[in-house]
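A quick write-up on the structure given underneath.
Right, dumping it as structure tokens:
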């Protein structure tokens with residue numbers, strides 16, 4: 001099969017196609033005047049998919065009394081992230097924490113959002129992040145806890161954590177023999193925006209963890 | 001409260017951590033994956049996964065995912081390690097990893113089925129874990145082509161539709177569980193032709209690009225007949241579209257004549273430009289924004305002799321965005337362009353690598369190149385020219401040196417098309433600790 005004979009008829013047909021389209025100029029579609037391409041659209045002007053329902057799980061907060069995760073993922077817009085307290089990678093948990101802090105401050109500054117947004121951290125290290133240990137974090141934010149609650153949740157063990165991680169696409173690589181005896185937990189940076197009905201509506205990665213976008217989506 | 005202060009709260013209660021988090025660093029791949037893809041293979045790839053079209057009279061005649069050893073230090077180097085047949089022939093074409101890289105979605109352009117393989121648990125032996133059959137019913141689209149991961153979801157670019165079966169089509173979003181979420185039509189007015197092909201996201205600019213090929217009527221037609229049908233030959237895509245990623249709405253349409261296919265964003269930090277190759281006009285196109293922030297597309301180079309229609313079918317950009325490999329199907333040639341100045345690409349090397357060559361993939365370090373032969377089952381050459389192979393090469397900066405070849409016909413596997421890599425995986429480490437080790 002020779003290319004020259006095979007595509008000989010193409011030249012004529014293609015030529016006509018090219019002539020037809022060269023008359024076209026790059027066309028701008030309906031686009032706000034002065035708005036940069038790729039600008040975040042105004043809040044409420046776009047639709048977020050119902051990505052998935054948050055799975056049910058048993059979690060702990062403050063005590064070892066079991067609670068359903070749905071208690072923390074329904075009834076308000078929820079921002080949920082996974083963390084562990086000994087996480088030291090500056091591009092990991094601290095990044096999520098900074099984003100949550102920024103969202104918390106922004107919500108506090110907007111009375112209309114008070115009592116409507118909830119922040120939730122779930123530990124990936126139930127062995128070390130006991131309910132009692134995480135109380136230290138919770139107390140830190142207690143003063144604004146009514147307006148913007150921030151819950152620090154853990155689980156009895158990985159056996160209870162796994163049913164939450166897998167459906168959320170947060171499978172982890174666990175190395176129990178990390179440096180100095182601590183756990184090293186390799187995980188994807190993902191933050192979940194959950195609507196008041198318990199559906200995940202957006203997932204942020206390190207490519208998209210922008211407090212401005214989170215607030216717009218909320 | 002800064003991070004140190006936060007940690008101080010728990011001082012004495014937790015041990016210091018060794019490390020954490022494995023997220024994809026910046027915009028990167030090896031080198032054509034979604035920027036949201038985890039665990040990039042930046043060292044030696046261990047396996048090649050090849051999505052192969054079943055061929056009548058060859059083996060079990062079924063489409064299949066073939067896994068080939070790619071590590072020179074392995075006994076399986078250059079050998080078929082496993083093959084997972086999915087049943088029937090539906091025009092196997094492209095694949096894409098989920099964001100966690102655990103699953104590989106593989107589509108068929110004829111029956112629009114999508115097969116989901118677990119390649120993370122044991123990459124040497126992928127397992128078919130899900131078959132999605134509702135693509136056309138949910139979207140009205142036909143021919144799921146491009147599988148592009150975003151967090152927790154897969155964006156799928158289609159090639160056609162179920163009414164006219166021409167190239168007017170759109171994008172679909174599924175969650176990683178394989179459930180349909182939404183459909184988004186490619187604009188067919190305001191200068192758009194509604195056609196689709198590839199997807200490529202620039203997260204930092206909150207934009208993505210799509211390109212345009214042709215519909216089911218054409219890609220499932222015998223190429224000889226297609227060539228003689230002037231009306232059909234007029235039904236190829238001539239546009240690219242710039243979309244707003246957050247809203248999934250088109251923002252600008254570019255005239256890019258002659259079926260622009262694969263799109264590659266520069267992976268270099270700070271760059272905001274992409275390249276594509278138009279198959280029928282044999283041009284390289286640059287999409288970038290001007291000093292006013294307005295995005296433009298312009299043709300910046302020719303590939304071979306456009307009058308001979310070499311048909312550039314696939315491109316692969318180097319991690320440093322200095323080089324672009326281009327496979328031209330008709331003349332079986334693998335070409336290298338210096339794109340250090342993306343506005344002035346220069347061909348610096350070429351080599352005939354087969355009687356017909358289609359897909360091309362390179363390792364992250366650019367030292368290894370892989371090519372496959374099949375374009376489409378009804379467009380591949382015939383007779384003695386119907387070579388169906390995967391070939392692996394080393395690239396030393398001056399010359400491609402073939403390292404191994406897998407003859408897919410001799411191995412009774414079919415026609416090899418799209419390729420993806422898997423790295424060496426510590427199988428146990430992907431699982432939660434064993435029950436015995438549970439805290």
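Protein chains in written order, with this note's numbering: chain X, 1 to 218; chain G, 1 to 439. Each residue gets a CB set at the ideal place from its N, CA and C atoms; glycine is no exception. These figures come from a predicted structure and were not determined experimentally.
Look at residue 55(X) and residue 167(X) and say whether their C-beta atoms are less than 8 Å apart. Sequence index remark: in the first chain, residue 55(X) carries index 55 (1-based). Sequence index remark: in the first chain, residue 167(X) carries index 167 (1-based). Contact: yes.
Note down, in chain order, every chain G residue with its Cβ under 8 Å from the Cβ of residue 79(X). For this step, residue 79(X) is matched to residue 79 along the first chain. What residue 79(X) touches in chain G: nothing, since even the nearest Cβ is about 14 Å away.
What residue range does the beta strand (DSSP E) around residue 79(G) cover? Working through the second chain from its first residue, we reach residue 79(G) at position 79. Element bounds for residue 79(G): n/a, residue is neither H nor E.
Write down the C-beta distance between residue 305(G) and residue 285(G) rounded to the nearest angstrom, noting that I regard them as a contact closer than 8 Å. Translated into positions along the second chain, residue 305(G) becomes position 305. Translated into positions along the second chain, residue 285(G) becomes position 285. No, residue 305(G) and residue 285(G) are not in contact; Cβ-Cβ is about 18 Å, not under 8 Å.
By the DSSP assignment, the alpha helix (DSSP H) with residue 95(X) in it spans what residues? As a first step, residue 95(X) is located in the first chain; it is residue number 95 there, counting from the start. 93-108 is the extent of the alpha helix (DSSP H) around residue 95(X).
Cβ neighbour criterion (16 or more within 10 Å) applied to residue 130(G): Locating residue 130(G) in the second chain gives position 130, where the first residue counts as 1. That one is exposed.
Beta-carbon proximity check, residue 315(G) vs residue 275(G), cutoff 8 Å: Walking along the second chain from the start, residue 315(G) turns up at place 315. Walking along the second chain from the start, residue 275(G) turns up at place 275. Contact: yes.
Report yes or no: do the stretch 352-372 of chain G and the stretch 383-402 of chain G share at least 3 C-beta pairs separated by less than 8 Å? yes
Residue 74(X) CB to nearest chain G CB: under 8 Å? As a first step, residue 74(X) must be located in the first chain, where it is residue number 74. Residue 74(X) does not count as touching chain G.
CA-to-CA distance, residue 268(G) to residue 153(X), given in whole angstroms: Here residue 153(X) refers to the residue found at position 153 when the first chain is read from its first residue. Here residue 268(G) refers to the residue found at position 268 when the second chain is read from its first residue. Straight-line Cα distance between these residues: approximately 39 Å.
Give the range of the alpha helix (DSSP H) segment to which residue 125(G) is assigned. Here residue 125(G) refers to the residue found at position 125 when the second chain is read from its first residue. Premise fails: residue 125(G) is in no alpha helix (DSSP H) and is neither H nor E.
Please list the residues of the stretch 137-161 of chain G that have a C-beta atom closer than 9 Å to any C-beta atom in chain X, keeping them in chain order. 150, 151, 152, 153
Residue 196(X): contacting residues in chain G (beta-carbon distance under 9 Å): Translated into the one-based positions of the first chain, residue 196(X) becomes position 196. Per Cβ cutoff of 9 Å: no residues; residue 196(X) is ~19 Å from chain G at best.
Establish whether the CB of residue 441(G) and some CB of chain X are separated by less than 8 Å. The structure shown does not extend to residue 441(G), since chain G spans only 1 to 439, so no value can be given for it.
Just by C-beta distance, which residues in the stretch 49-67 of chain X are closer than 8 Å to chain G? 49, 50, 51, 52
Rounded distance between the beta-carbons of residue 168(G) and residue 182(G), thought under 8 Å: For the purposes of this step, residue 182(G) is taken as residue 182 along the second chain, with counting starting at 1. For the purposes of this step, residue 168(G) is taken as residue 168 along the second chain, with counting starting at 1. No, residue 182(G) and residue 168(G) are not in contact; Cβ-Cβ is about 18 Å, not under 8 Å.
Can you tell me which of the three DSSP states residue 75(G) falls into? For the purposes of this step, residue 75(G) is taken as the residue at position 75 of the second chain. Residue 75(G): coil per DSSP, three-state reduction.
Tell me whether residue 213(G) sits in a helix, a strand or coil according to DSSP, three-state version. Position 213 of the second chain, counted from the first residue, corresponds to residue 213(G). Note: residue 213(G) maps to coil in three-state DSSP.
Euclidean distance between Cα positions of residue 199(X) and residue 38(X): The count along the first chain starts at 1 and reaches residue 199(X) at position 199. The count along the first chain starts at 1 and reaches residue 38(X) at position 38. For residue 199(X) and residue 38(X), the distance between alpha carbons rounds to 26 Å.
Within the same chain, show all residues whose beta-carbon is closer than 6 Å to that of residue 254(G), passing over the 5 residues directly before and after it, in chain order. On the second chain, residue 254(G) is found 254 positions in, with the first residue counted as 1. Contacts found: 240, 297.
Take residue 203(G) as the anchor and find which of 402(G), 271(G), 334(G), 86(G) has the nearest alpha-carbon. Reading the second chain from its first residue, position 203 is the one you call residue 203(G). Ranking the options by Cα distance to residue 203(G), first place goes to 271(G).
What does a CB cutoff of less than 7 Å around residue 26(G) pick up in its chain, not counting 5 residues either side in sequence? Position 26 of the second chain, counting from 1, holds the residue named residue 26(G). Its pLDDT being 33, under 50, residue 26(G) is placed unreliably by the model, and the measurement read from it follows with that caveat. Taken in chain order, the residues that qualify are 269.
Can a CB atom of chain G be found closer than 8 Å to the CB of residue 190(X)? As a working note, residue 190(X) is residue 190 in the first chain. Flagged as an interface residue toward chain G: residue 190(X), by a C-beta distance shorter than 8 Å.
Check whether chain X comes within 8 Å of residue 22(G), counting only Cβ atoms and requiring the distance to be less than that. Within the second chain, numbered from 1, the residue matching residue 22(G) stands at position 22. Per-residue confidence for residue 22(G) stands at a pLDDT of 36, beneath the threshold of 50, marking its modelled position as unreliable; the derived number appears in the next sentence. True, the Cβ-Cβ gap to chain X drops below 8 Å.
Can you find at least 3 beta carbon pairs, one from the stretch 399-410 of chain G and one from the stretch 246-263 of chain G, that sit closer than 8 Å? no
Buried or exposed for residue 115(X), please, with buried defined as at least 16 other CB atoms from any protein chain shown within 10 angstroms of its CB. Counted from its first residue, the first chain places residue 115(X) at position 115. Result: exposed.
Proximity to residue 388(G) [Cα-Cα], best of 406(G), 401(G), 378(G), 379(G): Counting from 1 along the second chain, the entry for residue 388(G) is found at position 388. For residue 388(G), the nearest C-alpha among the options comes from 406(G).
If you reduce the DSSP assignment to three classes, tell me which class residue 388(G) lands in. Locating residue 388(G) in the second chain gives position 388, where the first residue counts as 1. Here residue 388(G) sits in coil by DSSP.
Can the beta-carbon of residue 147(G) be found closer than 8 Å to that of residue 128(G)? Reading the second chain from its first residue, position 147 is the one you call residue 147(G). Reading the second chain from its first residue, position 128 is the one you call residue 128(G). In this structure, residue 128(G) does not lie closer than 8 Å to residue 147(G) by Cβ.
Per-residue DSSP class, three states only, for residue 23(G): Mapped onto the second chain, residue 23(G) falls at position 23. Note that residue 23(G) scores a pLDDT of 35, beneath 50, so its modelled location is shaky and nothing firm can be said.
Quick one: which chain A residues come within Cβ less than 8 Å of residue 100(G)? Here the protein chains are X and G, and chain A is not one of them.
Is the CB of residue 72(G) under 8 Å away from at least one CB in chain X? Residue mapping note: residue 72(G) aligns to position 72 of the second chain, counting from 1. No - not a single Cβ of chain X is within 8 Å of the one on residue 72(G).
How many angstroms separate the CA atom of residue 149(X) from the CA atom of residue 184(X)? For the purposes of this step, residue 149(X) is taken as residue 149 along the first chain, with counting starting at 1. For the purposes of this step, residue 184(X) is taken as residue 184 along the first chain, with counting starting at 1. Approximately 28 Å, taken between the alpha carbons.
Please list the terminal residues of the continuous beta strand (DSSP E) segment that includes residue 330(G). The residue given as residue 330(G) occupies position 330 in the second chain. That residue, residue 330(G), is in no beta strand (DSSP E); it is neither H nor E in DSSP.
What do you get for residue 31(G), buried or exposed, if any count of 16 or more other CB atoms within 10 angstroms of its CB means buried? For this step, residue 31(G) is matched to residue 31 along the second chain. Buried, since its Cβ has 16 or more Cβ neighbours within 10 Å.
Expected contact under 8 Å - CB spacing of residue 143(G) and residue 414(G) to nearest Å: Within the second chain, residue 143(G) is the residue found at index 143, counting from 1. Within the second chain, residue 414(G) is the residue found at index 414, counting from 1. Between residue 414(G) and residue 143(G) the Cβ distance is about 19 Å, and since that is not below 8 Å, they are no contact.
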